[in-house]
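Novice:
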Amino acid sequence: MLGRFLRGHDVTIRITEVEAYAGPLDPASHAYTRTPRSEIMYGPPSRLYVYRIHGHFCANVVTGPDGEASAVLLRAGEVVDGLDVALRRRGEHLAPTRLARGPGNLAKSLGITMDDLGVDLDAPRSRGVRFIAPDEIDPHPAGAGPINSVLISSGPRVGVRRNADVAWRYWITDDPTVSAYRRHPRAH
């Protein structure tokens with residue numbers, strides 16, 4: 001997902017940081033125990049799983065095949081279109097590199113709320129939130145296209161208590177929009 005473009009409610013970001021969760025095999029995942037809240041993670045891939053934590057919305061992309069829960073948390077992105085809208089949502093005093101840094105800030109920049117839960121991100125005509133191709137952005141953003149795997153870093157996930165040392169957080173190396181690593185104070 002790194003380097004892909006996601007459009008949400010008049011703002012487009014290039015994804016620069018993600019974090020993976022392996023459903024019932026991963027005690028840090030919301031789908032570790034199957035509940036009504038995590039049910040969407042067992043559905044078809046490319047659906048948006050939205051949840052609220054600490055007053056912020058966070059957005060995940062369901063990645064496993066239908067029936068096998070797994071998801072990727074969208075942790076950070078670079079705003080490449082709709083900068084004025086993102087600034088209004090997040091605060092006009094912020095530097096552009098900080099607008100979508102961190103999962104709550106990313107969701108807020110894109111205008112993602114619980115109304116977007118279950119959206120098919122690959123639906124070509126979705127008016128809400130969807131993946132888009134670089135040629136759908138005008139002007140064509142710098143850095144568009146596949147990310148070279150040499151430019152990808154990985155490390156432990158942020159803010160989880162269980163399975164905290166699993167290196168399933170991935171980011172574009174040296175990208176200024178990537179969030180800071182913060183280990184949960186009660187991580188095992």
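If you count the sequence shown from 1, position 45 lands on 45 in our numbering, and the numbers rise without skipping.
Beta carbons: idealized from backbone N, C-alpha and C, even for Gly.
Given 8 Å as the limit, is there contact between the stretch 166-179 and the stretch 37-47, that is, 3 or more CB pairs closer than that?
Specialist: As far as the Cβ criterion goes, the stretch 166-179 does not touch the stretch 37-47, which means the pair count is below three.
Novice: In the DSSP assignment, the beta strand (DSSP E) including residue 77 goes from what residue to what residue?
Specialist: Here the beta strand (DSSP E) through residue 77 covers 71-81.
Novice: Assign residue 60 to one of three DSSP states: helix, strand, or coil.
Specialist: Strand.
Novice: Using only alpha-carbon positions, find the residue among 70, 133, 16 and 65 that is nearest to residue 101.
Specialist: Answer by Cα proximity: 16.
Novice: Do residue 74 and residue 18 come within 8 Å of each other at the CB atom, strictly closer than that value?
Specialist: Yes, Cβ-Cβ distance for residue 18 and residue 74 is below 8 Å.
Novice: Please name the residue, chosen from 11, 116 and 22, that lies closest to residue 72 on a Cα-to-Cα basis.
Specialist: Cα-wise, what sits closest to residue 72 is 22.
Novice: Say whether chain C places a C-beta atom closer than 8 Å to the C-beta of residue 14.
Specialist: Going by chain labels, chain C is absent from the structure shown, which holds only one protein chain.
Novice: Under the assumption that residue 128 contacts residue 119 (Cβ atoms under 8 Å), give the Cβ distance between them as a whole number of angstroms.
Specialist: Confirmed, Cβ separation roughly 5 Å.
Novice: Select from 40, 180 and 59 the residue whose C-alpha is nearest the C-alpha of residue 104.
Specialist: If we check each option's Cα against that of residue 104, 59 comes out closest.
Novice: Throw me the rounded Cβ distance for the residue 24 and residue 69 pair, which I believe falls under 8 Å.
Specialist: Confirmed, Cβ separation roughly 6 Å.
Novice: Among 67, 34, 13 and 124, which has the Cα closest to the Cα of residue 98?
Specialist: Residue 98 has its Cα closest to that of 13, out of 67, 34, 13 and 124.
Novice: With a cut-off of 8 Å on the beta carbons, I'd call residue 106 and residue 77 a contact; round off their distance for me.
Specialist: At roughly 5 Å, the Cβ-Cβ gap stays under 8 Å, so residue 106 and residue 77 are in contact.
Novice: Taking C-alpha atoms, which residue in 164, 43, 109 and 92 lies nearest to residue 56?
Specialist: Selected option, being the one with the closest Cα: 109.
Novice: For residue 175, collect the residues of the same chain with a Cβ closer than 6 Å to its Cβ; drop the 5 residues on either side in sequence, then sort them by chain order.
Specialist: Answer for residue 175: 16, listed in chain order.
Novice: From residue 166 to residue 27, what does the alpha carbon distance come to, in whole angstroms?
Specialist: The straight-line gap from Cα to Cα measures roughly 11 Å.
Novice: Check each candidate in 67, 186, 177 and 153 and name the one with the smallest Cα separation from residue 160.
Specialist: Comparing Cα positions, the closest option is 186.
Novice: Quick check on DSSP: helix, strand or coil for residue 42?
Specialist: In the structure shown, residue 42 sits in a helix (DSSP, three-state: H, G or I).
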